[in-house]
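Engineer: Pasting a structure here, questions to come.
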Amino acid sequence: MGDFSLLSLIGIALTAALVAVFLKDSRLPVLALLVSLAAGALILLRLLPAFSTLWESFFRLGERAGMDSYHLELLLKIMAMAYLSEFGAQLCRDAGQGATALKVEMAAKLGILLLALPILGALMSSVLSLLP
């Protein structure tokens, strides 16, 4: 699984969750949110090398398949936007900001649609070229 271990990520998450639960019941409940955010950032940082490896692997596969690098890059940007927006939305929910999380998700959906327009255009061109 790359440079990270799923068990270590689960360990970070569980430790942070337990600390946050204890802090939430203490006189310093604000620290619970900070612990949660720090754990999320640490987990994301531990995952970055895996995302980099995945990105490179997709490019190699796309080149072998003869796929246009422009469209492949757009697909990878769309996937990255989906994952990062979900992560951001969950952070907002952890902070008790459900409405903000929904806005992050809506912005991501709009961004994904905008990025997908050239791919949809190429797909339409391919379909139209097959018609008599």
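Residue numbering for the sequence shown follows this note's numbering, beginning at 405 and increasing consecutively.
We treat Cβ as the ideally placed atom computed from N, Cα and C, and that holds for glycine.
1. Hey, how far is the Cα of Y474 from the Cα of A421?
2. Classify S440: buried if its beta carbon has 16 or more other beta carbons within 10 angstroms, exposed otherwise.
3. Which word fits S412, buried or exposed, when buried means at least 16 other C-beta atoms lie within 10 angstroms of its C-beta?
4. DSSP state of R431, grouped into three classes?
5. Taking A505 and A493 to be in contact with their CB atoms under 8 Å, please state how far apart those CB atoms are, rounded to whole angstroms.
6. Given a cut-off of 7 Å on the beta-carbon distance, is the pair L418 and A499 in contact?
7. Let me make sure I understand the geometry here. Which of P453, L452 and L479 has the alpha-carbon closest to that of T465?
8. Rounded to whole angstroms, what's the CA-CA distance from L432 to A424? Just pull it up for me.
9. Quick one, are the C-beta atoms of I416 and L446 less than 7 Å apart?
10. Secondary structure at M405, three-state DSSP: helix, strand or coil?
Structural biologist: On the basis of the coordinates in this document:
1. One C-alpha to the other measures close to 41 Å.
2. So S440 ends up on the buried side.
3. S412 is exposed by the Cβ-count criterion.
4. Residue state for R431 is assigned as coil, using DSSP reduced to three classes.
5. In this structure, A505 and A493 form a Cβ contact; the two beta carbons are roughly 4 Å apart against a cut-off of 8 Å.
6. Against a cut-off of 7 Å, the Cβ pair of A499 and L418 comes out as no contact.
7. The question names Thr, yet the displayed sequence has Leu at residue 465. Out of P453, L452 and L479, L479 has the C-alpha closest to the C-alpha of L465.
8. Using only the alpha carbons, I get a separation of about 10 Å.
9. Contact flag set, yes.
10. Unreliable positioning characterises M405 in this predicted model, as indicated by a pLDDT of 45, which lies under 50. The coordinate reading is nonetheless provided below. Residue state, collapsed to three classes: coil.
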